[in-house]
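Numbering (the numbering used here), first residue to last: 62 to 551.
Here it is in structure tokens:
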């Protein structure tokens, strides 16, 4: 499929339709949005076979993986619908005490949708983080209209998903402009979308370079808007001595499986493995090496990723002190990613900022520290991350409290004795982190709290009850949980 990029006039038309639809859609009840999201999920299920075949052809991902990802996407839509029905995301609150003298004003507050949201889908998750993925689902749950720019690496997959959403729009009797889909491989289309006067927010999953550009375009507007960009992360793993002595082979197996999962094309892939030099560390490196050497190269998602992986790997190997620990079982062909683990001392890593660059693909780096002080220096030197992992005994967690504190400041999610790949869809999940992992560490891209990205607070003072939004009326016609005079009323 070779789609034609949208023109500036077409972008203008799309966003004019989007703002008109938003003025209607923002007033839909939570139950209507729940029905809409559930209908999208049903449409995706109906077109499962077509979606999986198209995505397999465009991304080189196996059908088993794609079916599992589509299951996740459908579950996400249903979960955001359920969140709508529960109503917690509105954060409705009422403050009024008629008995107070002198009388205080009657003030009521809730969160309202921002407006049209432009979503840039990712290449590595053609379903769950793309056209009908988490950004689209959470924006629709919030009451925002959505414009998706199809990812150029899977246009046919994106088109089928867009058709499913548009069908759901029609089935639910919503304005057609609630969801729209445009093509654009050029930077110009992205800039037109971000800087259009009707665009109220942007969702993005992709590279640091791409996300930073969107942030700059949004900041350059006459009225800057928020960009919720999930960009890059090294996802450091700290392996502490006592745990390493007990379980070096098991930990090595978990980490090799994690950094090569999906040919290393996960934003939560463990890209740094840090430990203190010892006999157990040497045995651990040997286990990592043996396991990596047994894995075959595999096709990467598209030529752009393959080219960047080759270029970044060559650049890393040119750096002082960096050496190959192990690589895949056979040489890779064009377009494939060959598993690679390199090693470097903490001293060399700390002195070379380039070694903090994310290398998207089946690559990880082992950093050898001379002592605990160097290990803590590595932690202190880290930029913002999506995740941080510690393999340790419980006693070591007590002894390394300073390490935990450093990671809490730098990471969105901390994992104990596990791997960072695998992001559960639930309310307690945090898929975000300080810059450069994301553009706004206060929010996450997974779970029902992701809806909050596309909302803002508005308060009503001394308004007649009948003219208030339904969630704030005295009788609570939507039966949602609310705070009243500071107390939660389920």
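Backbone N, C-alpha and C define an ideal beta-carbon position, used for all residues, glycine too.
Annotated three-state conformation of residue 521 is strand, per DSSP.
Membership of residue 489 in any alpha helix (DSSP H) is not indicated, and neither H nor E is assigned to it by DSSP. Contact annotation: residue 541 and residue 530 have beta-carbon atoms that are not nearer than 8 Å.
Beyond the five residues adjoining it in sequence on each side, residue 140 comes within less than 7 Å, by CB distance, of 486 and 509 in the same chain, given in chain order. For residue 154, the enclosing beta strand (DSSP E) starts and ends at 154-156. For the pair of segments examined, the segment 183-197 was found to touch the segment 265-272: the number of CB pairs separated by less than 8 Å reaches three. Annotation for residue 242: the continuous beta strand (DSSP E) segment containing it runs 240-243. Judged by DSSP in its simplified three-state form, residue 534 adopts coil rather than helix or strand. Here residue 420 is buried: its Cβ has 16 or more other Cβ atoms, across all protein chains shown, within 10 Å. In terms of CA proximity to residue 114, 221 leads the group 293, 373 and 221.
Unbroken beta strand (DSSP E) runs of no fewer than 3 residues, entirely contained in the segment 135-207, are found at 154-156, 168-174 and 178-181, following chain order. Of the other Cβ atoms in all chains shown, fewer than 16 fall within 10 Å of the Cβ of residue 165; this residue is therefore exposed. Under the DSSP definition of a beta bridge, residue 543 partners with 550. Residue 343 counts as exposed, since fewer than 16 other C-beta atoms from the protein chains shown sit within 10 angstroms of its C-beta. The continuous stretches of alpha helix (DSSP H) do not include residue 260, and DSSP gives it neither H nor E. For the options 208, 488, 373 and 283, the alpha carbon positioned closest to that of residue 250 is the one of 208.
Between the segment 233-252 and the segment 376-387, the count of Cβ pairs shorter than 8 Å is below three; the stretches do not touch. Contact between residue 418 and residue 373 holds: their C-beta atoms lie close to 7 Å from each other, under 8 Å. The Cβ atoms of residue 312 and residue 305 sit closer than 8 Å to each other. Within the same chain, no Cβ atom closer than 7 Å to the Cβ of residue 274 is found once the five residues on either side in sequence are excluded.
When secondary structure is reduced to three states using DSSP, residue 268 falls in the coil class, being assigned neither helix nor strand.
By the 16-neighbour rule on beta-carbons within 10 angstroms, residue 158 is exposed. In the structure shown, residue 211 falls within a coil segment according to DSSP collapsed to helix, strand and coil. At least 8 Å separates the beta-carbon of residue 260 from that of residue 358. When DSSP states are grouped into helix, strand and coil, residue 502 belongs to the coil group. Contact check for residue 296 against residue 329 passes: the beta carbons are separated by less than 8 Å.
Taking C-beta separations shorter than 7 Å and ignoring five residues to either side along the sequence, the partners of residue 86 in its chain run 204, 206, 235, 236 and 239, following chain order. Sequence-distant partners of residue 515 (beyond 5 residues in either direction) whose C-beta falls short of 7 Å from its own C-beta, in its chain, are 174, 175, 178, 199, 200, 203, 205 and 262. Annotated three-state conformation of residue 290 is strand, per DSSP.
Under the Cβ criterion (8 Å, minimum of three pairs), the segment 314-321 counts as touching the segment 422-435. Per DSSP, the unbroken beta strand (DSSP E) holding residue 452 starts and ends at 446-452. By DSSP's assignment, residue 387 forms a beta bridge with 402.
It is roughly 15 Å from the alpha-carbon of residue 252 to the alpha-carbon of residue 212. Each residue's CA atom was taken as its position, placing residue 356 and residue 246 some 34 Å apart. DSSP places residue 114 outside any beta strand (DSSP E); the residue lies instead in the alpha helix (DSSP H), whose first and last residues are 109-120.
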